[in-house]
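J.: Have a look at this one.
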Amino acid sequence: MLAHLPILQVIVPLMAAPACLILRRPQLVWMFTLLASTIAFIISILLLQQVMQTGTISYELGGWSPPWGIEYRIDKLNAFIALIISGVSTVVLVAAHTSIEKEIPQEKHTLFYILYLLSLTGMLGIVTTGDAFNVFVFLEISSLSAYSLIALGRDRRALWASFQYLIMGTIGATFILIGIGLMYQMTGTLNMVDLATRLPEVAETRTVTTAYVFFIVGVCLKLALFPLHLWLPNAYAHAPSIVTAFFAATSTKVAAYLLIRFTFSIFGVSFSFTTLPMEMVFLTLGLLGIFVASTVAIYQDNIKHVFAYSSVAQIGYMIVGFSMTTSAGLSAMLLHVFNHALMKGALFLALGAVMLRVGSTQLKDFQGLGRQMPLTMAAIVVGGLSLIGVPLTVGFVSKWYLVVAALEKGWWPVAGLVLLGSLLAVVYVWRIVETAYFKAPLAPIAGKEQVKEAPMAFLLPVWMLVSANVYFGLDTRLSVEIATAAAQSLFGVAP
Amino acid sequence: MNSSLATLLQLCILLPIFATLGIVALRRHQNLREAVSIGTSVLVFYAVVTIYLGVDAGETITVHWLQVLPGLSVNFSVEPLGVIFSLIASFLWFVTIIYSMGYMRGHNEDHQTRFFCCFAIAIGSVMGVAFADNLFTLFIFYEVLTLSTYPLVTHSGTEGAKKGGRTYLGILLGTSVAFFLLAIVGTWVVAGRLDFTSGGVFPAEANTTLLGIILVLFIFGIGKAAIMPFHRWLPAAMVAPTPVSALLHAVAVVKAGVFTVMKVGVFIFGLDLLVVLPTTQFLLYLAGASVLLASFVAMRQDNLKARLAYSTVSQLGYITIGVLLATSSGVIASSMNIAMHAFGKITLFFCAGAILVAAHKSNISEMRGLGRQMPFTMVAFFIGSLSIIGLPPTGGTWSKWYLLMATLETEQLIIMAILMLSSLLNIAYLMPIPFHAFFSNIPAKSEHGESAAKVQIKEAPMASLIAIGIATLGCLVLFIYPNPLHELASAILEPQQ
C-alpha cells in the first residue's frame, strides 16, 4: 500500500470525481469530496515524511521501468507543493457546501464537486509526475476543469472571464506543448531525469533554446507573471468564492513548481542562467510585477480584484527570489509559495463569507462590517497584516528570507525595493480596514435582512487558515526546513 | 540567573495582555473594569521595581521564549537602560489610568473598553521593547506597539481621526518596514547576530561605509524617534484622546523610539564604532536641525496639543544627539532625558486635557486669564514647562547639564549652540502660556457673557487632578533626588557580567 502512495495521490481524486455522479444528493457529494480531498492530504503528508526520511521516491507506472514507461517521481520539492495543494483544498472544501448554496444553482452542485476534484487531480498530477508529456496532460485536465469552474460564477461576467482565461490558458498550454515537443525532438525522451542527462549534450543548439523559451513563456502565462497576468484578476473576481480561494492558493503555485522543475532540474542552472540572460529578465519582471500590480490593486473597488492584483504582486516576490539563482533565493521563493497559499487562502475564503452575507465584495459594501461580522473582518485584518509582512505572521518570514537572500547576493537596492513594495500592501489593506471599521453600516434596505456574522462552516476553515498564518510565523521549523532542504537538493542535483 | 525574577519579567509583558480579558469581561461595570487596569498597573510596576532591585543587587535575568528562525529568537534580558524605560513606563501607566478615569468620563468618550484594552496591550509591548534581548525581539514588539496604538489614535472615529491614523500608521509602519527591517537584515548579514552586546556586534574588519549606511537606515527607520523628516506622525497622532497623547505620545511610543536608537547605538554599533562612522556627523546635524525646526514650528502652533507635540519632536532630537555624540556623558544625558522629559511632558499633556475637560478650550489664544479659573492646573503646567526647558528646581536640569557637557567634551560647538538656542526657544513657546493665564486679564466679555469678576474655580475631575499632582511632584523630586537614575544611567556602559 505504502509503495503505491505516489499514484494514489493522483488516483484518489481522479476516481472520486465520476463516483460523485452516483451519489446525487449535494450534501452527500460534498462530504464525499471532502473525504477524497482529506485522503489526498493524508497521502501527501505520508509522502513528504517518507521523502524527508529516505530521499527521492520513484514509482514505475504499470511496472514499465523508466525511461520507457511513465515514472512518478517524488522529491522534497514536489512533496512540499503537493502538501500545500491538498491541504488548502481540504480546508477550503469545508466551507464549500455553505458557500455554493447561495452562489450556484442547486442542480449544478454535483457538477461543481466533480470539476473541483478533477482540477485537484490535475494539479496533483502535474506535481507528482516525472514525465514531461504527462505534465501537459494533467495541465489540460486541471485547466479545462478550471475554465468550467470559473464559468459557474453567478453572473454573466464569469463567462467572459472564463473565456479570457480559456484563450490565454490555451495559448500557454500550446507553448508548453511546443516546448516539450522540441525537447523530445532533440533528445528522444520525455522522462525528466533522462531529459536532464541528455539535454546538456545538445544545449548549444538553437532548438533547445527555443524549446526552453517556449516552455517558460507558456508556464509564465499560467503563473500569471507580469505582464502575462491579464487573465487572472477577472477570473478570480468572477469565479465562485470557493473556487477563487482554492485557485488563488494553489494554481499559480503549480506553475511556479513547473518553472523551478524545468529550470533547475531539467535544463540546469548553467543553461538557464548562464547561457541565457534569464537572471535579469526574471528580476526585472518580478520587480515590475510587484510595483505595477500593487499600485493597480490600490485603485480597485472590488476587493476580489484588490487581492487578485495583490496575488500578481506576490508572484513578483516569488520570481525575485527565483531570479537570484542561489539556494537562499530559491528557499525564499519556496517559503513564499507556502506562505502565500496560507495568506490568500484565508483572505479569499473570508471574502467568500462576506459574499455569503452581504452578496457583494465591493469596497463600499464593507462599510460597518467590522461591527456586523467581527470575526470575519478580524480574519481579513490578520490575513492583511500577513500580506504586509508584519512580524509574527508568515508574511514576515518570507520577507525576511527574501531580503536576507538579496543581501547575501549583494543586491542592496533589490532588498530595498522588496521592502518598499510591502508599503503598497499597507495602502490597499488599510483601505479595507478603514471602510470596515470607521464607516457606519449601510442602512438595511427594506426586505433585506440585517447582515450578521458568517456561519460556523465558514468561520472554522477561515480561522484555521488564519491561525496557520500566525502559527507558521512563529514556529517556522516545518516550512523553513522543507523549503531549505528542497532548495538545497535542487542545487545539489543540478548539473 | 534568578528564576523568580525571570517569571516576574515575563509577567511584565503578559499581565497587561491578559488584563484585556478581564477588561472585556467586565465591560458592563465601569468601576470594576478600571479596577482591573489599576490592579494590573500596580502589579506591573511592583514587578519592575523588584527586577530593578534584583539587578541592582547584581542579578542577571534572561528568558528564552521561542526560536522563530534559525538564530533568531524571542529572548528577554534586563539591563539598566531597559530598567529605566520600564520603570518610567509602568509608573506613568498607573498615573495615566487614574487620569483617564477622570478624563474619559468627564469627556463622555465612547468605546472606553476598547480604549483600556488597547492601552494595556500597548504597555505590554512597551515592556517587551524594554526587555528585548535582541533586535529581532525588539522589532516584533515595536510593530505590535504601532498596531495596538492605531485604534487609540483613531479613537473618535471621525474623518480627522481617520486621516491622522492614516499618517500615523503610514509613517510608522512604512519607515519600520522599509528602513528599519532592512537595517536589521543588513546587520544580520554583516554581523551574523542580532543580540545586544556591550561594545557592539560588528566585526572589526567590516566596511565602515556600509555600516554608515546601515546607521542611517536605523535612524530613519526608527520612525518612533521622530527625527525629521519622519516626524509627521506625532502631530497627526494628536487627534487621540489626551491620555493617549500623554502616555503614548509623550512617554511610551516616542520613548520606545529613542530607546531603540540608544540600544542600537550602544549595543549594536558600540560607541567606539559610532565615532568613526562616516555618517554620524551628518546624522548629528540632522538631529540638530530637527531640534531647531521643530521648536520653530512649535512656536507657530495655536493648538496646545500640537505645540506640545512639536516640542516632543524637538526633545526627542536631544536624546538622539546624546547617543550620536558617542561619549559616556552623552549616553547618560540621553537616558536621563528619557525620564525627565517623560515626567515633564506628561504633566503638560495632563494639563492640556484638564483644560479641555473643565474649560473646553484647546487653543492657546483662548487661555488668557485661565489661571484664575484653574490655578492648580496652571501651576502644574508652569512646573512642567520648567522641566522641559531644563531650569531648576526640576529634573530637566540634569539631563540638559550632561548633554551640554557631552557637546563640550566632543567639541561639537555647533551642536552646543543649537542646544542653547533651542532652550531659549523652549522658553519662548512654553512660558507665555502660564504667564498669560495668570497675569493677563480675561477678555472683558467672554462668549458666554459672564464677566471677569465672577470667575469661579472650576478644575478638572478629582482623579485627573491627583494624576497631575503626582506627575508634577515627579518633576520636582527628580531634581532633588536624581541619584538612583544617574546610577542606572552610568551603569549602561559598564560591561555586563
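If you read the protein sequences in the order shown, they are chains Y and R. All residue numbers for the first sequence refer to our numbering, where the first residue is 1 and numbers rise by one. All residue numbers for the second sequence refer to our numbering, where the first residue is 1001 and numbers rise by one. Note that CB positions come from ideal geometry on N, CA and C, so glycine has one too. Since the structure is predicted, the reported quantities are computational estimates derived from the model, not experimental observations.
Do we get a CB-CB distance below 8 Å when we pair Gly-1170 of chain R with the residues of chain Y?
T.: yes
J.: From the DSSP output, in three-state form, read off Ser-1451 of chain R for me.
T.: Low local confidence applies: a pLDDT of 48 at Ser-1451 of chain R is under 50, so the model's placement there is unreliable, with the coordinate-based value given in what follows. Correct three-state label for Ser-1451 of chain R: strand.
J.: So, is Asp-155 of chain Y buried or exposed, given that buried needs 16 or more other C-beta atoms within 10 angstroms?
T.: exposed
J.: Is there contact here, the stretch 1373-1387 of chain R with the stretch 1475-1491 of chain R, by at least three beta-carbon pairs under 8 Å?
T.: yes
J.: Are the CB atoms of Ala-487 of chain Y and Leu-330 of chain Y within a distance shorter than 8 Å?
T.: yes
J.: Compare the C-alpha of Ala-1328 of chain R against each of R:Glu-1366, R:Val-1276 and R:Gly-1270 and name the closest.
T.: What sits at residue 1328 of chain R in the sequence shown is Ser, not Ala. Of R:Glu-1366, R:Val-1276 and R:Gly-1270, the residue nearest in Cα terms is R:Gly-1270.
J.: In its own chain, which residues sit with a C-beta less than 7 Å from the C-beta of Leu-1092 of chain R, not counting the 5 before and 5 after it?
T.: So the qualifying residues of the chain are Leu-1247, Val-1251, Ala-1342 and Ile-1346.
J.: If you measure beta-carbon to beta-carbon, which residues of the stretch 37-71 of chain Y are closer than 7 Å to chain R?
T.: For the stretch 37-71 of chain Y, which is checked against every Cβ of chain R, not one residue is closer than 7 Å.
J.: Of the residues that make up the stretch 461-488 of chain Y, which ones have a beta carbon closer than 8 Å to any beta carbon in chain R?
T.: Gly-473, Leu-474, Asp-475, Thr-476 and Val-480
J.: Tell me whether Trp-64 of chain Y sits in a helix, a strand or coil according to DSSP, three-state version.
T.: It is coil, neither helix nor strand.
J.: Thinking Val-320 of chain Y and Leu-287 of chain Y are a contact (beta carbons under 8 Å), I'd like their distance in whole angstroms, please.
T.: 6 Å
J.: Taking 8 Å as the CB-CB cut-off, is Gly-1174 of chain R touching chain Y?
T.: Gly-1174 of chain R counts as touching chain Y.
J.: So with Cβ pairs under 8 Å, would you call Gly-1128 of chain R a contact of chain Y?
T.: The beta carbon of Gly-1128 of chain R does not come within 8 Å of any beta carbon belonging to chain Y, so the residue lies off that interface.
J.: Contact criterion: CB-CB distance below 8 Å. Does Trp-1188 of chain R meet it with respect to chain Y?
T.: Contacts with chain Y at 8 Å (Cβ-Cβ) include Trp-1188 of chain R.
J.: Whose CA, out of R:Val-1129, R:Tyr-1150, R:Thr-1154 and R:Leu-1152, lies closest to the CA of Tyr-1142 of chain R?
T.: R:Val-1129
J.: Is the Cβ of Ala-16 of chain Y closer than 8 Å to any Cβ of chain R?
T.: no
J.: Report the residues of the stretch 374-388 of chain Y with a CB closer than 7 Å to any CB of chain R, ordered along the chain.
T.: For the stretch 374-388 of chain Y, no residue has a beta-carbon sitting nearer than 7 Å to a beta-carbon of chain R.
J.: Would Met-1462 of chain R be called buried (16 or more neighbouring beta carbons within 10 Å of its own) or exposed?
T.: Met-1462 of chain R is exposed by the Cβ-count criterion.
J.: Taking 8 Å as the CB-CB limit, is Thr-1154 of chain R close to chain Y?
T.: yes
J.: Could you give the distance in angstroms between the alpha-carbon of Val-1254 of chain R and the alpha-carbon of Phe-1136 of chain R?
T.: 19 Å
J.: Please identify, using Cβ separations under 9 Å, the residues of the stretch 20-37 of chain Y that lie next to chain R, in order along the chain.
T.: none
J.: With a threshold of 16 other CB atoms inside 10 Å of the CB of Leu-1217 of chain R, please say whether the residue is buried or exposed.
T.: buried
J.: Closer than 8 Å, Cβ to Cβ, to anything on chain C: give me those residues from the stretch 1384-1399 of chain R, in chain order.
T.: No chain C appears in the structure shown, which is made up of the protein chains Y and R.
J.: Tell me whether the beta-carbon of Ile-1321 of chain R lies closer than 8 Å to the beta-carbon of Ala-1287 of chain R.
T.: yes
J.: Kindly list the residues whose CB is nearer than 7 Å to the CB of Leu-228 of chain Y, restricted to its own chain and excluding five residues on each side of it in sequence; keep chain order.
T.: Cys-220 and Leu-221
J.: Quick check: what's the CA-CA separation for Pro-495 of chain Y versus Thr-274 of chain Y?
T.: Note that Pro-495 of chain Y scores 32 on pLDDT, short of 50, meaning its location in the model is unreliable and no value can be drawn from it.
J.: Would Ile-1140 of chain R count as contacting chain Y if we go by Cβ distances under 8 Å?
T.: yes
J.: With a threshold of 8 Å between beta-carbons, can Glu-408 of chain Y be considered close to chain R, or not?
T.: yes
J.: Roughly how many whole angstroms lie between the Cα atoms of Gly-218 of chain Y and Gly-179 of chain Y?
T.: 9 Å
J.: I'd like to confirm the pairing. Which residues does DSSP put opposite Thr-1062 of chain R in its beta bridges?
T.: R:Ser-1077
J.: Express the C-alpha separation of Leu-1169 of chain R and Phe-175 of chain Y in angstroms, rounding to a whole number.
T.: 46 Å
J.: If the cut is a Cβ gap below 8 Å, which residues of chain Y does Leu-1182 of chain R touch?
T.: Val-403, Ala-415, Gly-416 and Leu-419
J.: In chain order, which alpha helix (DSSP H) runs of at least 4 residues are fully inside the stretch 249-309 of chain Y?
T.: 278-298
J.: Return the CA-CA distance between Tyr-59 of chain Y and Leu-190 of chain Y, expressed in angstroms with no decimal places.
T.: 16 Å
J.: Tyr-72 of chain Y lies in the beta strand (DSSP E); which residues open and close that run?
T.: Bounds of the beta strand (DSSP E) holding Tyr-72 of chain Y are 71-74.
J.: Counting only Cβ pairs nearer than 8 Å, list the residues of chain R close to Val-193 of chain Y.
T.: The premise fails here: Val-193 of chain Y is roughly 32 Å from chain R at the closest Cβ pair, so nothing lies under 8 Å.
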